[in-house]
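Have a look at the structure below, then the notes.
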Amino acid sequence: MPINNGLVFSARVTRYAAWEKVAFGTIAQLFMEGQIQEAHDVIDFCVKVGLPTCFRDLGIEIDSEKLEMIARHCMQEGTSAWNMGPDLTEESLINGMLEADAAGMAAKGYDSLMLATA
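FYI, in our numbering the residues of the sequence shown are 803 to 920.
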């Protein structure tokens, strides 16, 4: 899962188990692939079993710099991101993460995005 690869570079996320980061990454990947209903189904499952669905659940206060850093690490040569095909870009990763974050926040009834405007 490419997003898990990028999340491991965030010091705050290291306390979470791999499957917790993969849960969020799976949601983001489904959004990136345009599988919107499937993404919402996975979010519903994650909510039921207590898995993270957004950056807030992972203890990350996200900003554009952190998003770019995560995407950059995801896209390093030799990572699993290269299995996703030639259409994957840092921008599509960022957009997928933001869509996943917004949908996950909404599903849990959180007030607003944690996107900081630094």
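C-beta: ideal position from N, C-alpha, C; glycine also. Just so you know, these numbers come straight off a predicted model, no measurement behind them.
Going by DSSP, what residues sit across from D846 in a beta bridge? In the DSSP output, where bridge partners are listed per residue, D846 has none listed.
Can you give me the C-alpha to C-alpha distance between Q839 and G827, rounded to a whole angstrom? Each residue's Cα considered, the two are about 16 angstroms apart.
Which of helix, strand or coil does DSSP assign to D889? Looking at D889 - three-state DSSP - the assignment turns out to be coil, as it is neither helix nor strand.
Proximity to I829 [Cα-Cα], best of G911, Y912 and A904: Of G911, Y912 and A904, the residue nearest in Cα terms is A904.
Within the chosen definition, does the stretch 845-852 reach the stretch 893-901 through at least 3 CB pairs nearer than 8 angstroms? No, the stretch 845-852 does not touch the stretch 893-901.
Using only the alpha-carbon positions, how far apart do A909 and C856 sit? The C-alpha of A909 lies about 10 angstroms from the C-alpha of C856.
Once DSSP output is grouped into helix, strand and coil, what is the label at D913? For D913, the three-state secondary structure derived from DSSP is coil.
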